[in-house]
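The sequence shown begins at 0 in numbering that gives the first Met the number 0 and counts up by one. Beta carbons: idealized from backbone N, C-alpha and C, even for Gly. Note that the coordinates shown come from a computational prediction; the quantities given were computed from them, not determined experimentally.
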Amino acid sequence: MSRTNLDNVRVVLYDISGGKVESLTAKIGWSSLSLEPPAKLKISEKEVEKLMKLSVKLRLGSVLDFPHYIFAFEGVSRAFTHQLVRHRVAAYVQQSLRRVKVNPELNPREPWFVIPPSLVLEGADVVLKYVESQLAAGKIYLYLLGSGVPPEDARYALPIGVKTFIACIMNAEELLHVVKVRSCASAQWEIRSAVLALLTGLNLVCPSIFSYAGPHCVYDGICRGGGDQRCCSTVKELLGKLRSLAEEWRGAYEREGRVDLDLTDLLGFRAPKDLEEEVGRKLGLGAPLNLSYEVKLSVERV
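As structure tokens, then:
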């Protein structure tokens with residue numbers, strides 16, 4: 000039975016333009032005011048930055064529709080992907096549970112299901128109840144497969160927390176919208192964490208477009224999350240740290256064409272080691288159960 004290595008949440012941003020998407024988009028934009036077509040137009044870096052800032056500020060969809068970005072989310076739950084695909088100006092390819100058989104054997108280091116940090120914070124008893132429920136669902140799934148039920152029907156027994164991966168392509172305008180909605184403090188924790196990791200990568204590759212991105216309170220000055228802007232200062236502080244990190248690693252990325260960052264301390268959750276040991280012992284695993292929610296970002300030029 001196949002087993003996918005999905006121990007951590009990993010956001011992968013593929014730089015398909017070789018760092019040229021902003022300058023190409025700017026040429027296309029400025030050509031509307033020029034006698035020259037985009038291929039013959041020569042513009043400075045200052046003009047590139049000026050148009051990108053203007054396009055973001057004025058919401059110029061005619062410009063922001065042009066740059067596209069391919070990225071993937073790995074080790075996320077089906078609950079996560081059900082939220083993501085609501086953003087319809089995009090294309091998606093997701094791991095198929097019709098064709099792939101999940102291995103529900105519990106590996107202490109790499110659970111095949113997501114364990115929400117809020118459960119871990121409630122202590123060992125709550126975690127045990129949750130993990131046991133996932134394992135029971137996995138046993139039913141295996142029983143159905145062993146009884147001859149096809150994977151496309153046996154998958155109905157799997158929990159919504161089962162790990163998966165999904166690849167996406169979106170344009171800049173839609174991504175700015177996704178960030179506004181999903182980076183809000185009121186957004187669901189898993190998609191918020193992943194989108195903020197993606198935003199860090201976008202800031203690294205295309206700062207002229209995405210250095211202004213954030214939730215409605217940051218982008219528009221209006222709270223749409225029910226927090227009455229009480230959380231805005233906290234969100235701004237986090238965005239500042241992520242932008243600084245992108246700036247710090249931009250030079251290395253331009254030289255090497257790849258950057259791998261561990262964002263767990265900013266966007267994830269590290270579980271107490273003694274709790275992991277206690278849960279592992281009570282489950283009879285012979286090893287601590289990984290209860291942390293690790294968040295990794297990879298940006299690579301292709």
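- [ ] Below 8 Å on the Cβ atoms is my guess for Val101 versus Tyr140; work out the distance and round it to an integer in Å.
- [x] In the sequence shown, residue 101 corresponds to position 102, counting from 1. In the sequence shown, residue 140 corresponds to position 141, counting from 1. About 7 Å; that satisfies the 8 Å criterion.
Task: Nearest neighbour of Asp152, chosen from Asp124, Leu143 and Ile159 [CA to CA] - done: Position 153 of the sequence shown, counting from 1, holds the residue named residue 152. Out of Asp124, Leu143 and Ile159, Leu143 has the C-alpha closest to the C-alpha of Asp152.
Task: Chain-order list of residues whose beta-carbon lies under 7 Å from that of Ile42 (same chain, five-residue window excluded) - done: To locate residue 42, count along the sequence shown from 1; it is residue 43. Ala25, Lys26 and Trp29, listed in sequence order.
Open item on the list: Would Val92 and Ser192 be called neighbours here (beta carbons separated by less than 8 Å)?
Closed with: Counting from one through the sequence shown, the residue named residue 92 turns up at place 93. Counting from one through the sequence shown, the residue named residue 192 turns up at place 193. It is not a contact, given that the beta carbons lie outside the stated cut-off.
TODO: Give a yes or no on whether the C-beta atoms belonging to Gln82 and Ile159 are separated by under 8 Å.
DONE: The residue you call residue 82 lines up with position 83 of the sequence shown. The residue you call residue 159 lines up with position 160 of the sequence shown. It is not a contact, given that the beta carbons lie outside the stated cut-off.
Open item on the list: Judging by CA-CA distance, which residue of Arg300, Gly225, Glu44 and Cys231 is the nearest neighbour of Leu203?
Closed with: The residue given as residue 203 occupies position 204 in the sequence shown. Here the closest residue by C-alpha is Arg300.
Task: Three-state class that DSSP yields for Phe65 in the structure shown - done: For this step, residue 65 is matched to residue 66 along the sequence shown. DSSP places Phe65 in coil when its eight states are reduced to three.
Task: Per-residue burial, Glu246 [other beta carbons within 10 Å of its own, 16 or more giving buried] - done: As a first step, residue 246 is located in the sequence shown; it is residue number 247 there, counting from the start. Answer is exposed; the Cβ neighbour count stays below 16.
Open item on the list: Could you compute how far the alpha carbon of Glu44 sits from the alpha carbon of Leu57?
Closed with: By 1-based counting over the sequence shown, the position of residue 44 is 45. By 1-based counting over the sequence shown, the position of residue 57 is 58. Each residue's alpha carbon lies about 20 Å from the other.
Task: Gln82, DSSP secondary structure in three states - done: Numbered from 1 along the sequence shown, position 83 holds the residue referred to as residue 82. Helix, per DSSP.
- [ ] Take the Cβ of Lys311 as the centre, count every other Cβ of all protein chains shown within 10 Å, and call the residue buried at 16 or more, exposed below.
- [x] With the chain running from 0 to 301 in the structure shown, residue 311 is simply not present.
Task: Secondary structure, alpha helix (DSSP H): runs of 4+ residues fully inside the stretch 259 to 297 - done: 263 to 266 and 272 to 281
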